[in-house]
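This report refers to the structure that appears directly beneath it.
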Amino acid sequence: MDTRIRNPHERIFDLVRGRTVNVPDLQAMMEHWPADTNPNLELLESATKARFEWLFPGAENQKRLKKMHKTYAALFAAMWWPYAPVEALYTAAWLSIWLFVWDDETDSAEFSDIVYDFDRACDFRTETLRFIRESLRLPDNSDSRDCPSPSDSTASLGPENIFIYNFEDVGRAVSEFENGRLAAKFYDELEVFVKMTELEQKVHLSGELPTVSEYLERRMGSSGVHVCLVLTEYAYQIEIPDAVYHETEMKVLWHETNMNISVCNDILSAKKELQVGQTDSLIPLLAVELGSVQSALDVASKMLQDSVIAIDAAADALLARHARDTALCANLQKFIDGCKYACTANLNWSVVSGRYKLGCDSLKGGIQIQL
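Heads up: the sequence shown runs through residues 0 to 370, numbered per numbering that gives the first Met the number 0.
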């Protein structure tokens, strides 16, 4: 009898790896929502190509440059913000690139040496938040407990600094929009994102498996979805009063859009993540709790369907509540459409870009995936 204590991650691989699962037609769940692509995609493709080459110059960076080109960042931005004017579209694309590149610094051992160095990674995050505040023209809060002073090593973080500082174009554009009205809100969401990536790294280094609820709580912050949603007002030149953001239905709209995108990504990325040994994700964790990877996939798909229903209900309630304010209703409709575009864009981009190696360009009728 084998009495050895098994690594919890090994148990997941035994339960999940090699299994074939049926993925339903996720696109059909959102077929009543808008989906489009910005007509300036071709211009944006040239610009994003040049930006990646600026970020990753020289022969030593060719592998990473190739990976970044495969993110299809231009298509991502063009599908998320299909009606943004060119200048706003560029800003949205620069944010997307910043998120892709920055996130690799603390979770990609292939390209970063701070993945297993928690202290250096914390310095990296501290400097990130400091620079974001500076770029957004917000007052320094270095005396705050929530923003500790950088350690002595922060000033010499090294070449990864460019992965922080290429945020500058985004920060400047947002700070100049309507006298910086969105700057503080944007910073707050970026701070949540950065802090959740810290917790994410801490969990990974511990080797422990979180529960599904613990994972989802962290995932809602580290997804970066709310960071992108803040740009909706800027991208479409609209204004939503702060009071509306505090309404229950608006909070539901934000949360469920985040849930939709995060769960969708976890469903589609399961095969790719298991191939590189990553088990800290929704499908593997659900499989442990439910005892079956197909059951896990079914539950996750139901979560996605529920998010669609919740978004529609919250949107209808918001519009009904403010029906007498024609101008506000028009802006709310644009914001709601922005949330729906985010969901359909994320799904369609994930499929057509080949990012998750699904071997298809459509989910019509459902597909099978061997994990």
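Glycine included, C-beta positions come from ideal geometry on N, C-alpha and C.
- Here the alpha carbons of MET195 and ASN160 stand approximately 20 Å from one another.
- Residues MET29, TRP32, THR256, ASN259 and ILE260 of the same chain have their beta carbon placed closer than 7 Å to that of CYS342, with the five preceding and five following residues left out of the count.
- Annotation for ALA309: VAL251 and GLU255 place their beta carbon closer than 7 Å to its own, counting only its chain and skipping 5 residues before and after.
- ALA183 counts as exposed, since fewer than 16 other C-beta atoms from the protein chains shown sit within 10 angstroms of its C-beta.
- Taking every protein chain shown into account, the CB of CYS359 has fewer than 16 other CB atoms within 10 angstroms, so this residue is exposed.
- Per DSSP, THR19 lies in no alpha helix (DSSP H); the unbroken beta strand (DSSP E) holding it starts and ends at 19-22.
- When C-beta atoms of the stretch 327-345 are compared with those of the stretch 56-65, fewer than three pairs fall below 8 Å, so the two segments do not count as touching.
- Contact between the stretch 219-229 and the stretch 239-249 is absent, with fewer than three C-beta pairs closer than 8 Å.
- About 19 Å separates the CB atoms of VAL224 and LEU128; that is not less than 8 Å, and the two are not in contact.
- With a cut-off of 8 Å on Cβ pairs, the stretch 88-102 is in contact with the stretch 161-168, counting three or more such pairs.
- With at least 16 other beta carbons inside 10 angstroms of its own, GLN200 counts as buried.
- In the structure shown, GLN236 adopts coil according to DSSP, grouped into three states.
- Under the three-state reduction of DSSP, GLN277 is assigned to coil, being neither helix nor strand.
- The three-state reading of DSSP puts ILE113 in coil, since its state is none of H, G, I, E or B.
- For PRO84, no alpha helix (DSSP H) run applies, since DSSP gives it neither H nor E.
- By the Cβ-count criterion, ASN347 is buried, with 16 or more other Cβ atoms from all chains shown falling within 10 Å of its own Cβ.
- Boundaries cannot be given for ALA34, as no alpha helix (DSSP H) includes it and DSSP labels it neither H nor E.
- As DSSP reads the structure, GLN367 sits in a beta bridge with ASN21.
- CA-CA distance, THR278 to PHE12, rounds to 8 Å.
- Inter-residue distance for ASN6 and SER205 is about 12 Å (C-alpha atoms, whole angstroms).
- Between the stretch 306-323 and the stretch 14-22 there are fewer than three C-beta pairs closer than 8 Å, too few to call the two in contact.
- With a contact defined as Cβ atoms closer than 8 Å, ALA87 and ALA234 qualify at about 5 Å.
- Comparing alpha carbon positions, the residue from GLN304, GLY353 and ILE239 closest to VAL262 is GLN304.
- Spatial neighbours of THR105 in its own chain (CB-CB distance under 6 Å, excluding positions within 5 residues in sequence) are listed in chain order as ALA120, THR196 and GLN200.
- In the structure shown, MET29 adopts coil according to DSSP, grouped into three states.
- Taking a contact as a CB-CB distance under 8 Å, the pair VAL169 and TRP93 counts as one, their CB atoms being some 5 Å apart.
- In this structure, GLN26 places its C-beta atom within 8 Å of the C-beta atom of LYS363.
- Beyond the five residues adjoining it in sequence on each side, PRO283 comes within less than 6 Å, by CB distance, of ILE11 and VAL15 in the same chain, given in chain order.
- A residue is called buried when at least 16 other Cβ atoms come within 10 angstroms of its Cβ; ARG124 meets this threshold and is buried.
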